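Below is one structure; the comments refer to it alone.
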Ligand code: 2AM
Ligand code: CA
Ligand code: CA
Ligand code: CA
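Numbering (the numbering used here), first residue to last: 570 to 822.
In structure tokens:
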């Protein structure tokens, strides 16, 4: 199938899911802890992951699915087509703020990113990228992102990395005009693409960065681990997404 048709189909699923999510915000959430007290999951995370999995299984029955909440497949290799789902990115914000969260989906073929979607539901802002069609913010094409240094802008750093000064990030942060902590990887990557932030640093799982990887590759933005390993979508890694000029300055410790 050509990417244009897949993009329209996936956009339809995302908008349908977002209506469910908005409706669920009016109801009490069931919240459970995962690894620690700030790592939470709700019934909505699970229901939305199940929603996307059904759509994919109905339309692409031979494909593998990697989903954060574990309702998909045990994906051990990225052969053929693999879908990556983060049903609610920024679950803590979803629970505490009812905003600043997004839903994310990516499509890879033989390990190569083809399509990536980051949808911030409450602002109705869909950032999507296609290897064939380019990158769009809703209907507007993004041709290039200004290659600005940290000194001229903002950096978004994961709370734990910043507070514990992992990788010397407090020193790096001092070079920026200010630090932001949005609590949502998808929105953080979107801010870099919009040119509002020059960098985003966090520990992330494959579903947290799979769509951004497609979009950043299309735009020539930099997305790499902080210790120089390539992003292979198999494990949790410390990551920096940034303008190329910022990436050049990051020396790995
Ligand atoms: P999530 O809400 O989908 O879990 C919060 O700083 C950002 O980091 C969110 O995008 C969150 O995604 C992601 N994240 C990755 N691993 C996390 C973890 N163990 N605990 C909380 N957030 C995590
Ligand atoms: Ca989570
Ligand atoms: Ca996430
Ligand atoms: Ca999630």
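Where is the CB? At the ideal position from N, CA and C, for every residue including glycine. None of the values given here were measured: they were computed from a predicted structure.
Inset, instruction - May I ask whether a heavy atom of ligand 4 can be found less than 7 Å away from the beta carbon of residue 627? - result: The residue you call residue 627 lines up with position 58 of the chain shown. No - ligand 4 has no heavy atom lying nearer than 7 Å to the Cβ of residue 627.
Inset, instruction - Examine the Cβ distances between the stretch 710-727 and the stretch 741-755 and report whether three or more of them are shorter than 8 Å. - result: yes
Legend entry - Whole-Å CB distance - residue 639 paired with residue 654, under 8 Å assumed: Translated into positions along the chain shown, residue 639 becomes position 70. Translated into positions along the chain shown, residue 654 becomes position 85. That pair is no contact at about 11 Å.
Inset, instruction - Go ahead and pull the three-state DSSP assignment for residue 761. - result: Mapped onto the chain shown, residue 761 falls at position 192. Looking at residue 761 - three-state DSSP - the assignment turns out to be helix.
Legend entry - Same chain only: Cβ atoms within 6 Å of residue 816, ignoring 5 sequence neighbours per side: Stepping through the chain shown from its first residue, residue 816 is reached at position 247. Excluding residues within five positions, the ones whose Cβ falls inside 6 Å are 791.
Legend entry - Stretch pair the stretch 676-691 + the stretch 763-775: three plus CB contacts closer than 8 Å: no
Inset, instruction - Could you check what DSSP says for residue 607 in three-state terms: helix, strand or coil? - result: Taking the chain shown and counting its residues from 1, the one referred to as residue 607 is at position 38. Three-state result, residue 607: coil.
Legend entry - Check whether residue 752 and residue 662 have beta carbons under 8 Å apart: Counting from one through the chain shown, the residue named residue 752 turns up at place 183. Counting from one through the chain shown, the residue named residue 662 turns up at place 93. Cβ distance < 8 Å, so residue 752 and residue 662 count as in contact.
Inset, instruction - Count the other CB atoms, across all protein chains shown, that sit within 10 Å of the CB of residue 667; report buried if there are 16 or more and exposed otherwise. - result: Counting from one through the chain shown, the residue named residue 667 turns up at place 98. Residue 667 comes out exposed.
Legend entry - Cut-off 7 Å between Cβ atoms - residues of its own chain near residue 605, not counting five sequence neighbours on either side: Within the chain shown, residue 605 is the residue found at index 36, counting from 1. The answer is none, since no qualifying residue turns up.
Inset, instruction - Taking 8 Å as the cut-off, decide whether the C-beta atoms of residue 611 and residue 602 are in contact. - result: Indexing the chain shown from 1 puts residue 611 at position 42. Indexing the chain shown from 1 puts residue 602 at position 33. The answer is no: Cβ separation not under 8 Å.
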